[in-house]
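Asker:
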């Protein structure tokens, strides 16, 4: 039992690892702050395109969504970071993570937002247009707010998944939280830094999960 405590719950090692792990946490949060807004924007554009009356645009968006939902994000990230240099295109680890996560999460956000847009009764749009509102005004003021409200738990759930997804950025040596904890583990031959990182993830994500459950109950009632 003492060996388990020393190997996984060594608070002395955790204390020494904390500054580096917190520095990695800042990188994790930076990735999320960049990727989530970009993913929402890309997802909205893809969702609008996938329900467009223009057949070519609709099929391009459908193929985009299906392709990047099917590709494992780890494979996509490695391809961008390690594969593109063979074509003469070298990008930084941070840029590779942003591009890879943007493509992956735009596809997931697109499917969620598409379902939300289709859930809004067509009569709402027709009523707004009859008052003289343009298509863009109708989308921003009428359709989109209702669509987002209808799928808010799914949007929040995907946001939580993005936070967890940042852990795979360690494969391209980006200094996010898991990468930082892994460095200390390799120096100390002790798993306590990984437990510390897991605890921080839990502290960040558990409140978000409870918020999602709250909104699910509200929508269901």
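In our numbering, the protein residues as written are 1 to 221.
No residue lacks a Cβ here, since even glycine has one placed at the ideal position from N, Cα and C.
#1: With a threshold of 8 Å on Cβ separation, who are the neighbours of residue 177 within its own chain once the five nearest residues in sequence on each side are excluded?
#2: Quick one: give me the first and last residue of the alpha helix (DSSP H) that residue 158 is part of.
#3: Tell me which residue opens and which closes the alpha helix (DSSP H) that residue 102 is part of.
#4: By the 10 Å Cβ neighbour count, where 16 or more other Cβ atoms means buried, how is residue 66 classified, buried or exposed?
#5: So, with DSSP's three-state summary, where would you put residue 9?
#6: Return the residue from the list 171, 149, 211 and 99 that minimises the CA-CA distance to residue 42.
#7: Residue 189 by DSSP, collapsed to three states: which one?
#8: Skipping 5 residues on each side, what residues in its chain have a beta carbon closer than 8 Å to that of residue 235?
#9: Roughly how far, in whole angstroms, is the beta-carbon of residue 97 from the beta-carbon of residue 183, given that I think they are within contact range, below 8 Å?
Answerer: According to the structure shown:
#1: Cβ-Cβ distances below 8 Å link residue 177 to 21, 24, 25, 27, 28, 166, 167, 197, 200 and 201 in the same chain, with the five nearest sequence neighbours on each side left out; the list follows chain order.
#2: 152-165
#3: 93-119
#4: exposed
#5: Coil.
#6: Of the candidates 171, 149, 211 and 99, the one whose C-alpha sits nearest the C-alpha of residue 42 is 99.
#7: Coil.
#8: The chain is shown only over 1 to 221; residue 235 falls outside these bounds and no answer can be derived.
#9: Wrong, their Cβ atoms sit about 17 Å apart, outside the cutoff.
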